[in-house]
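**Student:** Below is the structure I would like to discuss, written out as structure tokens.
There are 2 protein chains.
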Amino acid sequence: MNKVSKTSNFSTYHIFFRNLANPLKIRIISALEEKESSVSDLTYQLKVEQSKISHALALLKKCNIVKSEKKGKERIYSLNKKTIIPLLKMIDEHSKSFCNCKECRGCGK
Amino acid sequence: MNKVSKTSNFSTYHIFFRNLANPLKIRIISALEEKESSVSDLTYQLKVEQSKISHALALLKKCNIVKSEKKGKERIYSLNKKTIIPLLKMIDEHSKSFCNCKECRGCGK
DNA sequence: TATTCATATGAAAAGTATTTCATAGGTATT
DNA sequence: AATACCTATGAAATACTTTTCATATGAATA
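Heads up: the protein sequence lines correspond to chains A and B, in order. Take 41 as the starting number for the first sequence in the working numbering and just add one per residue. Take 41 as the starting number for the second sequence in the working numbering and just add one per residue.
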């Protein structure tokens, strides 16, 4: 394995990026960027069924994109901003540098 | 849509991160980090069927992770290092900060 | 221009991830 | 301790991605 993967490995990348390749999880990340929320908060804000939110959060937590803490019967989720915000900004920059036409979103045309 | 997504959008993230959530595409990225290569080079280096490589490269190109130029009947692919190298390094850092046990690769335990 | 080499592409099959739905496990409240 | 509320979880169904395989396109060469 070469440079980029010395310290990490393919599975790590896979489990991490899978989350970011999913629109619902990105919506959750966006919501948590604004303010930490409980599962039911997210359910209400995003108008998405509770178990979808829970399943998604479980995967996000697995690679530490979010963390949670108990608060009574609720569970408050918050974004691990340190990595994720700069990372998404990088992609924003990246795609701004290239084509962003409606059809393809980054075709390079 | 909120902060992170002002300049980008869910589709952009999706198409971009989908690539990085795929082991073969990560292998291709790793190979191209070392040196630019033609499709048949990659086919040989990675011991992977040609059409798999081509399909993968097409998706990587779609969001400008790689670019290509013609050279006779070959097509030389190279990595758009500016974004991708720092980005992968960020994930390496991120997962180093957390658990990295064999079973879960980032469970937070 | 026929042939060969390199790459791309379409579509069905195979593989993988998410969604759905029913239900279970905690915690607070009565 | 019964009930209500909040969240998690398992498994089947659905949706999505990648792989496979056959073939097409395009460039070089004999």
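Just so it is clear, CB atoms sit at the ideal spot from N, CA and C, and this is done for glycine as well. These figures come from a predicted structure and were not determined experimentally.
Of all the CB atoms in chain B, is at least one closer than 8 Å to the CB of Leu60(A)?
**Tutor:** Yes, contact with chain B.
**Student:** Work out the CA separation of Lys65(B) and Glu22(B) for me, nearest whole Å.
**Tutor:** The structure shown does not extend to residue 22(B), since chain B is modelled only from 41 through 149, so no value can be given for it.
**Student:** Under 9 Å between beta-carbons, which chain A residues line up against Ile116(B)? List them in chain order, please.
**Tutor:** Those within 9 Å of Ile116(B) in chain A number zero; the least Cβ separation is about 16 Å.
**Student:** Give a yes or no on whether the minimum CB-CB distance between His54(A) and chain B is below 8 Å.
**Tutor:** True, the Cβ-Cβ gap to chain B drops below 8 Å.
**Student:** Can you tell me whether Lys113(A) is helix, strand or coil according to DSSP?
**Tutor:** Three-state DSSP puts Lys113(A) in coil, outside helix and strand.
**Student:** According to DSSP, is Lys107(B) part of a helix, a strand, or is it coil?
**Tutor:** In the structure shown, Lys107(B) sits in a strand (DSSP, three-state: E or B).
**Student:** Could you tell me whether the Cβ of Ile131(A) comes closer than 8 Å to any Cβ of chain B?
**Tutor:** Closer than 8 Å to some Cβ of chain B, the Cβ of Ile131(A) qualifies, so yes.
**Student:** Is Thr123(A) close to chain B? Criterion is C-beta to C-beta, closer than 8 Å.
**Tutor:** Answer yes: the Cβ-Cβ gap between Thr123(A) and chain B drops below 8 Å somewhere.
**Student:** Quick one: which chain B residues come within Cβ less than 8 Å of Ile93(A)?
**Tutor:** What Ile93(A) touches in chain B: nothing, since even the nearest Cβ is about 17 Å away.
**Student:** Determine the contact status of Thr52(B) and Met130(A), defining contact as a CB-CB distance below 8 Å.
**Tutor:** No, Cβ-Cβ distance for Thr52(B) and Met130(A) is not below 8 Å.
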